[in-house]
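Step one of this worksheet: look at the structure below.
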Amino acid sequence: MKERDLRDLIADVKTGRLSRRAFVQRMIAAGLSAPMAGMMLSQSGVAMAATALPYKPTKAGGGGVLKLMYWQAITLLNPHFAVGTKDQEGSRIFYEPLAGWDGDGNLVPILAAEVPSKENDGLSEDGRSVIWKLKRGVKWHDGMPFTADDVVFTWEYAKTPETAAVSIANYKDITVEKIDDFTVRLTFAKPTPFWADAFVGNYGMIIPKHLFKDYVGAKSREAPNNLKPVGTGPYLFVDFKPGDMLRARINPNYHVANRPHFDEVEVKGGGDAVSAARAVLQTGEYDYAWNMQVEDEILLRLEAVGKGKVSITPSGNVEFMQLNSTDPAVEVDGERASIKTKHPLFSDPAVRQAINLLIDRASIEKHIYGRTALATANFLNNPERFRSKNTKFEFNIEKANQILETAGWKKGGDGIRAKDGKRLKFVFQTSINAPRQKTQAIVKQACQKAGIDVELKSVVGSVFFSSDAANPDTYTHFYCDAQMYNTTMPQADPQFFMNQYTSWQVANKENKWQGRNVSRWQSKEYDEIYKQVERELDAVKRAALFIKLNDLVVSDNYIQPIVSRTRVAALGGKLTAHISGWDNDLWQLASWYREG
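With this note's numbering, letter number 295 in the sequence shown gets 334, and the count goes up by one each step, no holes.
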């Protein structure tokens, strides 16, 4: 689409000749996501449309107990330490951001009085500042008032390196100042195309200054409220057994009228995805089950029982395999998998290239994920505008054998290849989950035919995705040769999503393994292009830069995309839940209700 045509369409929205929805639909057809189309209108002076979520209850409470199943159990309740999605979800029951993203890509105010726009003087003309006006009358669960001081404090807390917050990238390059008790200004060091980052969505949850002020920096992990949240959300904390059960009760002073509907919330952790699906779709014991990573054949059979339904929401999530660029068996300066080491096998490009050819992505899609995922060669898959057309995947055992043979990896008497005294054997880990174990088996079988010995390791999900810095079995420690998991894309703009391969995001002992670059893969070229992305205002040029980033990552074969995944949940037949592919599932928990 030409720039002049785009400007004409925006002008039509401003004058009312074209509806906002029609504009968004045209942008989606042109390859943009709904959130990006919404941001484009906002930058052009068109306020985001208020989203009216269906909600039938006429009073708060009376809904009984809402029972949620998280088979990857929640282990802590501080959103700024939540390296796993399940801990972000648990935190969202109690804490709230200034705004969240709905499924159509609109910003929805939560603790903000309104969404900043040029019409309300919230957005500067030069793209260097944003003014947020806060909702008045909001109280923390202990009765203290919510004010601008809490917003400024959350910024100070998250941006402090010694705090080791996983959200540091959202806050470290901005300045936040209090204008008055209910107004804050965010100032950017440069023109910022995607300003709705800090205080928005997954990593935007605001914490109370009066409870965390003594725990900024090195003492951050000692805060009692890391496990006993006091937020502004619809439910009050009751009890928490990490890795097992979380209980909450209705907030009688919640800041939205007639909400929430439920009197209590129970979140059960543990088990597996299939058992969680059965608990909702077959027995009806639970109302909701998160992250249904279950073979589609099983989901269809369970849906047929008639007690519930499967919710499938488009997203930017990707299931992928990481090859460790460091040596997890060697300790340097008291740290395993140090960037000062190189992996003894994967440092050979031929080995990485061969493994890429030994992943049967098409079979994994067809026989395991079905309608819930698509085979892919890209790490960045959505929005479509950012999807590279330069990549392709191939499953070819014969070609993999040829590459290894040419590179000097010769088969021994046992059929396993070796070179320079090193056997081609590695340990491949993931969380305990049937689709992942089946994917592991598919990869292992193909590798065997190419003379590669693969040892499979499975870790309990609540341990693998734990946010506990002292737990050596987490995926962020990566004390293994290869691993596989799903990484979520929390925003429609890929900037935050793609920072997980920058050198300054490497997970290590110094940052308590909170860095987002888990693979430790590094590239000076990648770093430089990423810095260009941060300041590029032209949408077309910016998209091209993101595609370059994707291509750099996947072409080096340390990162092996497998399938692009949707957001899949199981819902009880009478439950109405508002799920967005660009935010936490529980982003609008206050508006969930049960009929009948």
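We put the CB at the ideal spot given by N, CA and C, even for glycine.
- For G123, there is no enclosing beta strand (DSSP E), as DSSP gives it neither H nor E.
- Taking C-beta atoms as the reference points, D590 and W560 fail to come closer than 8 Å.
- Closest in C-alpha terms to K98, from the list K211, I289, V122, comes I289.
- Listed as beta-bridge partners of N525 by DSSP are E358.
- Around the CB of G452, fewer than 16 other CB atoms lie within 10 Å, so the residue is classed as exposed.
- Between the stretch 366-384 and the stretch 615-627 there are fewer than three inter-stretch CB-CB distances shorter than 8 Å, so the stretches are not counted as touching.
- The secondary-structure analysis by DSSP pairs P184 across a beta bridge with K178.
- Contact between T515 and V357 fails: their C-beta atoms lie close to 17 Å from each other, not under 8 Å.
- Per DSSP, the beta-bridge partners of M284 are K280, K307.
- Taking the Cα positions, I568 is about 8 Å away from K587.
- Following the DSSP letters along the chain, one finds L341 inside the alpha helix (DSSP H) bounded by residues 335-342.
- When only Cα atoms are considered, R581 and S501 end up about 37 Å apart.
- Assignment of R606 by DSSP, reduced to helix, strand and coil, places it in the strand class.
- A Cβ-Cβ distance of about 6 Å is found for the pair I245 and V190, placing them in contact under the 8 Å criterion.
- Looking at the DSSP output, L146 bridges to W140.
- With contacts defined as CB atoms closer than 8 Å, E305 and L92 fail to qualify as a contacting pair.
- Closest option to V482, judged by alpha-carbon separation, among A439, L338, D236, S350: A439.
- DSSP, read as helix, strand or coil, puts E564 in helix.
- By the CB criterion at 8 Å, Y94 and Y632 fall inside the cutoff.
- Of the other Cβ atoms in all chains shown, fewer than 16 fall within 10 Å of the Cβ of D459; this residue is therefore exposed.
- The C-beta distance from Y327 to G611 rounds to 7 Å, short enough to meet the 8 Å contact threshold.
- Taking the C-beta atoms as reference points, T605 is found nearer than 8 Å to T352.
- For S505, there is no enclosing alpha helix (DSSP H), since its DSSP letter is neither H nor E.
- Under the DSSP assignment, Y210 falls in the alpha helix (DSSP H) whose first and last residues are 207-210.
- About 5 Å separates the Cβ atoms of Q468 and C519, confirming a contact at the 8 Å cut-off.
- R286 and A187 have their C-alpha atoms some 29 Å from each other.
- Beta-bridge annotation (DSSP): A376 is not paired with any residue.
- Remark: C-beta atoms of L625 and E128 approach each other more closely than 8 Å.
- Within the stretch 391-450, the runs of beta strand (DSSP E) at least 3 residues long that lie entirely inside it are, in chain order, 412-414.
- By the Cβ neighbour-count rule, D219 is exposed, with fewer than 16 other Cβ atoms within 10 Å of its own.
- Contact between G270 and Y134 holds, since their C-beta atoms are separated by about 4 Å, short of 8 Å.
- With distances taken between CA atoms, P533 lies nearest to F418 out of E216, P247, F418.
- With 16 or more neighbouring CB atoms inside 10 Å of its own CB, V602 falls in the buried class.
- DSSP lists V223 as the bridge partner or partners of W171.
- In terms of CA proximity to Q627, F301 leads the group F301, D492, D335, P600.
- For K125, the closest of A608, A629, L162 by C-alpha to C-alpha distance is A608.
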